[in-house]
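Single-structure report; data block below.
Residue numbers (the UniProt record's numbering): 1 to 368.
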């Protein structure tokens, strides 16, 4: 098999300080070099990476005496550890993730992506489209997923949008727990949204507020639709790197202080705890984090009240995922169509009357 080789001049300085964000160091970081190595192999499998990872890549800002152009060049945008975006042979955009084989991430991902689980309407776990075994590597594999968008990057504008997200996620958590799967990191950054109708003109995978060109200074080209105008939206739960599946739920006890949200009261490295109520706590904590960013109204208050029950200190007193899903369904029926349409506004972003008018007319307002 042919491997790619990283050109020495394309390597970033060894002691790269991200806080300095020097243009000259928009070169390849150590964790990115694997994608250069695998570029020819992935291309043979039908996945084309960005020009940045081509073995023969010459930075587009080469020749700029100040290297300032690196800030505005698409090929100067770095990916994240273990992740890279790609284009499939059919033209669709996907995300590749390098997963460790000593975790249950691959097994659980394939389990929820397989029939009959994939046909369950509650299942909004990110589907695995393909699994790529890395040549001469026994510790990791690559999974291929659809390219998704950060679920809170764009604002919520109607109470129904907040409720839609909460309902879908609660049913997904109910689905996971029904299959004896504890996510163990059911948190803020592990929820995504399908961007197909939300962002029909596309976006850059690593600069989500920019058009596909990745130009941060071209925000006027970044156009999006409100969630309400393209409903129903579809949310996805990602990252099963800490997840575990058990033979049954009863009597399961685990150890570990892990995940994005470590405020879970019972989480411990020494005292065993039940991971299923922990999932509910993390979900409730995520919802509260979102709700506090919006001016309160009757619906948001009701949603926040439920989320507070989910974050009760005593895990036994918390509702189960099924009870949360049932309560959210009841709340949806109670609010009714006009209640779901009620306009909401961010609490920390000053909206002038002209901007409010643009929002009411359904226009994109930068940044919201």
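Glycine residues also receive a C-beta, built at the ideal position from the N, C-alpha and C atoms.
DSSP places residue 298 inside the alpha helix (DSSP H), whose first and last residues are 298-310.
Looking at the backbone, the Cα of residue 316 and that of residue 39 are separated by about 50 Å. Bridge partners of residue 236 according to DSSP: 192. Residue 290 sits away from residue 159, with the two beta carbons spaced by 8 Å or more. The C-beta distance from residue 4 to residue 81 rounds to 19 Å, too long to meet the 8 Å contact threshold.
Using a Cβ-Cβ distance cut-off of 8 Å, the stretch 172-180 and the stretch 120-129 are in contact, since at least three pairs of beta carbons, one from each stretch, lie closer than that value. Residue 150 has 192 as its beta-bridge partners, per DSSP.
For residue 110, the uninterrupted alpha helix (DSSP H) segment begins and ends at 105-113. Contact check for residue 275 against residue 252 passes: the beta carbons are separated by less than 8 Å. In this structure the stretch 195-214 does not lie against the stretch 250-264, because fewer than three pairs of beta carbons, one per stretch, are closer than 8 Å. Each residue's CA atom was taken as its position, placing residue 234 and residue 162 some 12 Å apart.
With 16 or more other Cβ atoms inside 10 Å of its own Cβ, residue 154 counts as buried.
Look at residue 36 here: in three-state DSSP terms it is helix. For residue 97, the enclosing beta strand (DSSP E) stretches over residues 93-100. At the C-beta level, residue 318 and residue 242 stay beyond 8 Å of one another. Cβ atoms of residue 36 and residue 6 come within 8 Å of each other, at about 5 Å.
For residue 132, the enclosing beta strand (DSSP E) has its first and last residue at 130-133. Taking all protein chains in view, the Cβ of residue 105 is crowded by 16 or more other Cβ atoms within 10 Å, so the residue is classified as buried.
Taking a cut-off of 8 Å for Cβ pairs, the stretch 90-104 and the stretch 135-143 touch, as three or more such pairs fall below it.
Just so you know, the alpha carbons of residue 118 and residue 112 end up roughly 6 Å apart. In summary, residue 9 is exposed, with fewer than 16 beta-carbon neighbours lying within 10 Å of its beta-carbon over all protein chains present. Pairing residue 283 with residue 156 gives a Cβ-Cβ distance that is not under 8 Å.
Residue environment: residue 76 is assigned as buried (16 or more neighbouring CB atoms within 10 Å of its CB, all protein chains considered).
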